[in-house]
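Residue numbers (our numbering), protein chains in the order written: chain H, 1 to 486; chain A, 487 to 972. Each residue gets a CB set at the ideal place from its N, CA and C atoms; glycine is no exception.
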């Protein structure tokens, strides 16, 4: 496994044209709650297609001329991201872990510094992990124009043709065409997120484009512009990259150094200050999928304008987004509504109020509700656990362990556990003894005993864990080794 | 237990004034899905108050002058009803089981015949188990007037003052006052459920009242009127009562005889044909709670007109009914909506389309979905079972057994079971051996073994059952005795 995420040797591709997709996976997507939560945010869900948004994003940058992608992400998402890339057939990738969130400028600076170590002339294609692009042919064309200008020292933004008076995005005013760079323009000005009236004006001018946040520049250009306009960002990330560690297949930025970087976006830090900004006007069917309404907007609909996903029954309903990831959900007599059901939460909102979902999540968080940030199912490198029921002095979980994986050697001081294997086979270590537990067999782990769970088989192991005890918190665990972080 | 539901000896109360509450618990309340389902319909839920609707109904008929109630119900609900009455402090009741549903006339005929066996002059106060009455003081007054007229040979309906042009009820046109019966009028005419325009007219006349379905008459009057106007109903129910059985504390009408009774309402069979119909106009705050909208209508609301029950967060929401019996439910930006969440289904509807819920239930039923008719939790006389998860070749249930109760001796041919006790103590019989299983202990029941579960303790027994096998249907069970119907 150890070489799976090593960088591709730069020498194998022509240095001038190589494009490194840099995927920023920083957001928590709280406006897409209850599916998207901080511990498993929207880019990791299959919201727009059968693939997750991260997978869709990464697959846009596969093929001739592309280096393996670099993903900059929250360290808590590392295993999910590694697994999703592998599942999408992307065997090589560099996953850069942010010890804390510091907005986009430090994340991009780190990516540029890492790429520059082997190829300062490589072009970084910086993009969010959670945007949708419908017209990939147009994307390829725009990218080609942008990469060419990037080779000329430009920082080239993608300006999306606006389709509505959107107040949630910044705008780019298109300037004169760049001589010798077909399809690439100077940036006349940046406009902040407008109010409603101003957004209507901007929509009319024909010169204002949405700032998608996606851009290209060489590593060298980016580093030089950071040096000029955001030297504190560059200095802190240079230290964070210089003192980086590797953790399994991941690049872990030095926590103290990275934490010292200013919390600032690349727009404020560089794009709006540089003399080398350029823009490629594009019409890519781009969406930031920033709300359930935005997702309804880009999804395929039935004759009544409904998007219905999962176990859903509709009656006299139109222009609705109805999604159930679990239990049966019936909607009657509604228009312009959003209904989202997960196994532990339900959201119902008007499409035009879909931004308010963020407020709900804030209220839930303030109330200390775990549903605000985490799912009932908790993914680990070795598989997942899922809570089934919690009682007075007991709880029941489903535990699924992938073939060949094992958990840490551990003990609990406040609970005993019964494990019943219902699929596959478990190798259980209990106080030094090794016990093979087959389907329909069980094993008892008394309070305080040292134990380990392992799947020695070729198919996933599923077991039902019944915990009994006076305290059943996840923190009642002593790990006696650390084979993987679980 | 055997005398708990015996009739009160008629001799202990003055025969002339005795009132027997006859509670009809026949409906399945599908318009209040997903809370109300055929196996556990709306009258058995605490929808209007902390008590179930059946309990509220039964408690209206407790006190001086009332005999113990008689409940006529679907035999599948008998344990639930017995338990709810006991929980409400009603220790004496006669529970009459309908082997099949035959509408209200045969049910009421059976009640009249049973009462007439000991006291033909007793007044039957016939009412649905699933209506709400806000003004109980006004009810007592109206009832007193009606009982007096019933003693005079009248069949006295309660006509409710209409508050809206309702198309879902039949109407009674009030005639002249009955001489010597203060507050009681002749019935001028019955009006069928009107269309919208006609309903508006009826609302204006001041002479038309809603037919609530509630009425009083002596057993003798009812039997005589049945003999005159519905002799086939009377003949069939006479046989069904004559050949009745007793099953534990229940009166079980003879299935073949009762099934032969015509399927007809008491309105069509008797009330609209008799020469002795009368009506007490009343303003009782009556509601048939026929839909979620009707329930919203009679429920206490917050300043925004919302009814919020359970784990519910509202934001910019008004005039909504939001209820969660389980997972957290957030509603934003909605008006006039109904959101109802149970542990296995979600309903979202516009208040004004709340009648369509019935259509949803019909579609679910047509699709063979168990959610249409039954809940995840299945109540038995000894406790309940609740499905937690179903997998490929396994399922997990929570089983709760009341103190002192036991299940039948049984075996399964396609599944083995692991039982883990998480609260209380279990006495398990396995192939003749008796095993005491304490909290945090488990027992294994191999495929085919003869076993029984019993709670010998003083607190409820909770166990987690993990079933493994190739077929996990409820019908893989051979009962080797029948201590109670489970």
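- In this structure, the CA atom of residue 642(A) is about 16 Å from the CA atom of residue 595(A).
- When DSSP states are grouped into helix, strand and coil, residue 286(H) belongs to the strand group.
- Taking 4 residues as the minimum length, the alpha helix (DSSP H) runs contained wholly in the segment 566-622 of chain A are 590-604, in order along the chain.
- In this model, residue 292(H) and residue 862(A) are separated by some 30 Å (Cα to Cα).
- Annotation for residue 663(A): 671 place their beta carbon closer than 6 Å to its own, counting only its chain and skipping 5 residues before and after.
- Neighbours of residue 518(A) in chain H, taken as residues whose beta carbon is under 8 Å from its own, are absent, since the nearest beta carbon is some 13 Å off.
- Counting only residues of its own chain and dropping the five nearest sequence neighbours on each side, residue 444(H) has a CB closer than 6 Å to the CB of 418.
- In this structure residue 602(A) is in contact with residue 705(A), their Cβ atoms being roughly 4 Å apart against a cut-off of 8 Å.
- Residues of the segment 786-799 of chain A whose Cβ lies closer than 8 Å to any Cβ of chain H, in chain order: 799.
- In the structure shown, the three-state DSSP call for residue 682(A) is helix.
- Shown here for residue 135(H): same chain residues with a beta carbon closer than 6 Å to its own, the five before and five after excluded, namely 284, 285 in chain order.
- Taking C-alpha positions only, residue 344(H) is separated from residue 366(H) by approximately 18 Å.
- In this chain, the beta strand (DSSP E) harbouring residue 905(A) covers 901-909.
- If you ignore the 5 residues before and after residue 411(H), its C-beta comes within less than 8 Å of the C-beta of 448, 449, 450, 451, 477, 478, 480, all in its own chain and listed in chain order.
- A Cβ-Cβ contact shorter than 9 Å links residue 739(A) with residue 582(A).
- In this structure, residue 422(H) keeps its C-beta atom at 9 Å or more from the C-beta atom of residue 278(H).
- For residue 471(H), same chain residues with a beta-carbon under 8 Å away, outside a window of 5 residues either side, are 414, 415 in chain order.
- Nearest CB-CB separation between residue 431(H) and chain A: not below the 9 Å threshold.
- Chain H has a Cβ within less than 9 Å of the Cβ of residue 877(A).
- Assigned with DSSP and collapsed to three states, residue 144(H) falls in helix.
- Taking the CA atoms as reference points, residue 849(A) sits about 41 Å from residue 548(A).
- Residue 950(A): member of the beta strand (DSSP E) spanning 947-955, first to last residue.
- Beta-bridge partners of residue 931(A) (DSSP): 903(A).
- Note that the C-beta distance between residue 98(H) and residue 107(H) is below 9 Å.
- Secondary structure at residue 169(H): coil, using DSSP grouped into helix, strand and coil.
- In the pairwise beta carbon analysis, the segment 824-839 of chain A is classified as touching the segment 517-531 of chain A: at least three pairs are separated by under 8 Å.
- In the DSSP assignment, residue 359(H) falls within the unbroken alpha helix (DSSP H) covering 357-366.
- At a cut-off of 9 Å between C-beta atoms, residue 697(A) does not count as an interface residue with respect to chain H.
- Contacts between residue 813(A) and chain H, judged by CB atoms closer than 7 Å, involve 344, 345, 346 in chain order.
- Beyond the five residues adjoining it in sequence on each side, residue 571(A) comes within less than 7 Å, by CB distance, of 544, 579 in the same chain, given in chain order.
- According to DSSP, residue 912(A) shares a beta bridge with 923(A).
- Of all C-beta pairs linking the segment 622-635 of chain A to the segment 531-543 of chain A, fewer than three are shorter than 8 Å, placing the two stretches out of contact.
- Taking 9 Å as the cut-off, the beta carbon of residue 121(H) is found no closer than this to the beta carbon of residue 223(H).
- For the segment 909-943 of chain A, residues whose beta-carbon sits nearer than 7 Å to a beta-carbon of chain H comprise 909, 925, 926, 928, 930.
- Chain A has no Cβ within less than 9 Å of the Cβ of residue 141(H).
- Checking the DSSP bridge columns, you'll see residue 809(A) partnered with 795(A), 826(A).
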